[in-house]
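Protein chains in written order, with the working numbering: chain C, 1 to 245; chain S, 246 to 471. Just so you know, even glycine gets a beta-carbon here, dropped at the ideal spot from N, CA and C. All values derive from a computational prediction rather than experimental measurement. Here is the structure we will look at, set down as structure tokens.
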Amino acid sequence: MHHLEIRNISSSYGKLEVLRDVTLSADKGEVVSLIGPSGSGKSTLLRVLIGLTPPTGGNVYIGGNKVDYNSRKSLKDLRGHMAIVFQQYNLFQNMNVLRNVTIAPVKIKKKPREEAEVRARGLLQKVGMEEKADAYPDELSGGQQQRVAIARALATSPEILLLDEVTSALDPERVKEVLDTIRSLTHEGITLIIVSHEMAFVREVSTRVAMMDQGKIVEVGPPEQIFRSPVESRTRDFVSKILSH
Amino acid sequence: MFERLVTEAPLFFNYHNMVFIGQAMARTLGMTLIGCGVGFVFGMLIAVVRQTTSSLLWPVRLVVISYVEFFRRIPFLVILFIVLFVIEPLMPGTSLFGIATVSVCLLSTAFLSEIIRSGLESVPRAQVETAQILNFNVLQTLMMVVLPQSWRVILPPAAAFIVMFIKDTSLASQLGVIELTFAGKMLINRGFSPILGFGAILVCYFALSYPLSRFAAYLERRLAPS
Ligand SMILES: Nc1ncnc2c1ncn2[C@@H]1O[C@H](COP(=O)(O)OP(=O)(O)OP(=O)(O)O)[C@@H](O)[C@H]1O
Ligand SMILES: [Mg+2]
Chain C
1 MHHLEIRNIS SSYGKLEVLR DVTLSADKGE VVSLIGPSGS GKSTLLRVLI
51 GLTPPTGGNV YIGGNKVDYN SRKSLKDLRG HMAIVFQQYN LFQNMNVLRN
101 VTIAPVKIKK KPREEAEVRA RGLLQKVGME EKADAYPDEL SGGQQQRVAI
151 ARALATSPEI LLLDEVTSAL DPERVKEVLD TIRSLTHEGI TLIIVSHEMA
201 FVREVSTRVA MMDQGKIVEV GPPEQIFRSP VESRTRDFVS KILSH
Chain S
246 MFERLVTEAP LFFNYHNMVF IGQAMARTLG MTLIGCGVGF VFGMLIAVVR
296 QTTSSLLWPV RLVVISYVEF FRRIPFLVIL FIVLFVIEPL MPGTSLFGIA
346 TVSVCLLSTA FLSEIIRSGL ESVPRAQVET AQILNFNVLQ TLMMVVLPQS
396 WRVILPPAAA FIVMFIKDTS LASQLGVIEL TFAGKMLINR GFSPILGFGA
446 ILVCYFALSY PLSRFAAYLE RRLAPS
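Have a look at this one:
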């Protein structure tokens, strides 16, 4: 049984079909990366998984249990196991760093505040942000906000973590900080689904890579296959173009 | 004329008149604050209902939208008389002050709901989505994420509206509520010079609205994005 199983998922924005019959799975602790051109539906797939965009067909299973995206209870359950970090960080602007990280554990999971704060400081240390615990998001650089967003996602102890181009809004120096943080997560048994344009990074950390194009998964395989000997010509085009940059 | 004022002033500024004006001032302030306070609560409810997307709630949304669109378009004086003619037979003995206050509620609910709605909508959608995926319920999202970020958009126009309404409550004098404007007229009818009568009333209106305007300006500065 796979930890996360996506079967024939479709989704549309109005009349525009954005995902068509997407099937993909990830075992516990796996790092599956999604690559593909802009507009191919990578972000939408992550949004569907976490229940922000409704699927129009297909099913998702977590640990063998089907997710019912129409049921509030099922969604709540799902979000107890799964977290997402957006490209735009989306830290709560009205809360300082520490509060951003502790709010869900304290208010939603009803953990004692002290305990949550100790853990939050530990996570902030891990992402190199412990000194900014009292700062507000608008006082931080993009890379710093992104790392806080990762700490916030981790504070909910997710088994599955979705990362949507978490480095694309950052300048090259910041990219390294964030990638180092993600790299350290890959050893913790969290199942990671990563959308990224950092091909060297994808190649290094992924157990498998899925190539998406026009709402479909074109090819899935280990990084060596995708980057060295892709089966599909669409993958070959994309990879050669992006690697030659 | 100046002489007349000098001779009249000691008669005018007597204890009885001061209490009379004080009570009128309290009525003006009471109508405004109670009316707008209740209006703020209901306006908030309406604004929140209008944010919902559930298809089950569409009849509720239709009702509140119609309410807002209707009441924003009728003059306050007309609302006062409608409320009078509806409440009198239903609840005879309701004070005129009560009727005027209910009218203020009806109108301020409509206007304040629009002010609050645009405040709520100023918060980026992504903030709400982030709260959702952290399993905040609707109320928690509103109280912990959306409202704290929308006060600075809501409070300045809401305060301006309330300050403006202090003046508009003078229309309740048409109903016979002894608020400031009506009190001024009564004093003049008792033979005092209009300069004294309305002058005192003018000072009272100013004393009510100026601190509120200052407070609103203070809030605006405090809540401005850093
Ligand atoms: N909110 C939306 N409303 C309408 N169409 C949308 C919306 N979001 C995305 N789309 C469309 O859906 C398609 C897939 O978008 P998506 O954001 O999933 O692509 P992506 O693979 O993440 O691209 P990128 O690499 O640029 O982030 C695109 O054609 C996009 O224009
Ligand atoms: Mg995207």
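How would you call residue i, buried or exposed, if buried means at least 16 neighbouring beta carbons within 10 angstroms?
i, result
"histidine 3(C)", "buried"
"glutamine 125(C)", "exposed"
"valine 264(S)", "exposed"
"glycine 39(C)", "exposed"
"asparagine 94(C)", "buried"
"tyrosine 463(S)", "exposed"
"glutamate 259(C)", "This structure does not reach residue 259(C), given that chain C is present from 1 up to 245, and the question cannot be answered."
"alanine 271(S)", "exposed"
"leucine 301(S)", "exposed"
"asparagine 259(S)", "exposed"
"aspartate 213(C)", "buried"
"alanine 200(C)", "exposed"
"glycine 122(C)", "exposed"
"lysine 176(C)", "exposed"
From which residue to which residue does the alpha helix (DSSP H) around residue i run?
i, result
"threonine 354(S)", "341 to 366"
"glutamate 374(S)", "370 to 378"
"tyrosine 455(S)", "439 to 468"
"glycine 429(S)", "425 to 434"
"arginine 20(C)", "Note, arginine 20(C): premise wrong, no alpha helix (DSSP H); beta strand (DSSP E) at 16 to 26."
"aspartate 237(C)", "233 to 243"
"aspartate 413(S)", "392 to 413"
"leucine 387(S)", "Leucine 387(S) -> no alpha helix (DSSP H), and no H or E assigned at all."
"methionine 304(S)", "Here residue 304(S) is proline; the residue named in the question, methionine, does not match the sequence. Looking at the DSSP string, the run of the alpha helix (DSSP H) that includes proline 304(S) is 303 to 316."
"phenylalanine 326(S)", "321 to 335"
With a CB to CB cut of under 7 Å and the five nearest residues on each side skipped, what residues in its chain are close to residue i?
i, result
"serine 438(S)", "Arg249, Leu250, Glu253"
"glycine 247(C)", "Any question about residue 247(C) goes unanswered here, given that chain C covers just 1 to 245."
"glutamate 204(C)", "none"
"leucine 457(S)", "Ala404, Ile407, Val408"
"leucine 329(S)", "Ile344, Leu420"
Tell me whether residue i sits in a helix, a strand or coil according to DSSP, three-state version.
i, result
"asparagine 8(C)", "strand"
"valine 148(C)", "helix"
"arginine 208(C)", "strand"
"leucine 78(C)", "helix"
"leucine 52(C)", "coil"
"arginine 200(C)", "For the sequence presented, residue 200(C) should be read as alanine rather than arginine. Here alanine 200(C) sits in helix by DSSP."
"glutamate 219(C)", "strand"
"tyrosine 13(C)", "strand"
"aspartate 164(C)", "strand"
"asparagine 422(S)", "Position check: residue 422(S) holds valine in this sequence, whereas asparagine was assumed. Here valine 422(S) sits in coil by DSSP."
"alanine 271(S)", "helix"
"valine 85(C)", "strand"
"alanine 66(C)", "Checking the sequence, you will find lysine at residue 66(C) rather than alanine. DSSP places lysine 66(C) in strand when its eight states are reduced to three."
"aspartate 213(C)", "strand"
"aspartate 134(C)", "coil"
"asparagine 94(C)", "coil"
For residue i, which residues in the same chain have their Cβ closer than 8 Å to its Cβ, ignoring the five residues on either side in sequence?
i, result
"serine 471(S)", "The pLDDT assigned to serine 471(S) is 49, lower than 50, so where the model puts this residue is not dependable; a value taken from the coordinates is nonetheless given after this. Excluding sequence neighbours, serine 471(S) sits near nothing in its chain."
"phenylalanine 443(S)", "Gly429, Ile433"
"isoleucine 423(S)", "Gln268, Ala269, Arg272, Met431"
"leucine 55(C)", "Residue identity differs from the one stated: residue 55(C) is proline in this sequence, not leucine. Once the five neighbours on either side are set aside, the close Cβ partners of proline 55(C) are Ile9, Ser10, Ser11, Leu19, Val48, Tyr69."
Give every residue of the same chain whose Cβ lies closer than 6 Å to the Cβ of residue i, excluding the five residues on either side of it in the sequence, and list them in chain order.
i, result
"lysine 241(C)", "none"
"glycine 142(C)", "Ala169, Leu170"
"arginine 113(C)", "Val106"
"glutamate 465(S)", "Pro401"
"threonine 156(C)", "Ala83, Ala104"
"threonine 207(C)", "Glu30, Val31"
Could you spell out where the beta strand (DSSP E) holding residue i opens and where it closes?
i, result
"threonine 297(S)", "Counting along the chain, threonine 297(S) falls outside any beta strand (DSSP E), and DSSP gives it neither H nor E."
"threonine 181(C)", "Here threonine 181(C) belongs to no beta strand (DSSP E); instead the alpha helix (DSSP H) covers 172 to 185."
"tyrosine 61(C)", "57 to 62"
"valine 195(C)", "191 to 195"
"isoleucine 35(C)", "31 to 35"
Under 8 Å by Cβ, that's how I've got residue i and residue j pegged, so tell me the actual separation to the nearest angstrom.
i, j, result
"asparagine 8(C)", "glutamine 372(S)", "Actually they are not in contact, since the Cβ atoms of asparagine 8(C) and glutamine 372(S) sit about 32 Å apart, beyond 8 Å."
"isoleucine 344(S)", "isoleucine 332(S)", "6 Å"
"glutamine 87(C)", "glutamate 198(C)", "Wrong, their Cβ atoms sit about 13 Å apart, outside the cutoff."
"valine 67(C)", "isoleucine 217(C)", "That pair is no contact at about 19 Å."
"leucine 453(S)", "threonine 273(S)", "7 Å"
"threonine 181(C)", "valine 127(C)", "5 Å"
"serine 25(C)", "isoleucine 50(C)", "About 17 Å separates the two Cβ atoms, so there is no contact after all."
"threonine 449(S)", "leucine 425(S)", "Residue identity check: residue 449(S) is cysteine in the sequence provided, not threonine. That pair is a contact at about 5 Å."
"glycine 288(S)", "isoleucine 361(S)", "5 Å"
"isoleucine 324(S)", "serine 348(S)", "5 Å"
"valine 220(C)", "proline 230(C)", "Not quite, the Cβ-Cβ distance comes to about 11 Å (not below 8 Å), so this is no contact."
"valine 246(C)", "isoleucine 150(C)", "Because chain C is modelled from 1 through 245, residue 246(C) falls outside the range shown and cannot be assessed."
"isoleucine 108(C)", "leucine 379(S)", "6 Å"
Ligand 3 and residue i: does the residue's C-beta get closer than 6 Å to at least one heavy atom of that ligand?
i, result
"lysine 42(C)", "This structure lacks ligand 3; its bound ligands are ligand 1 and ligand 2."
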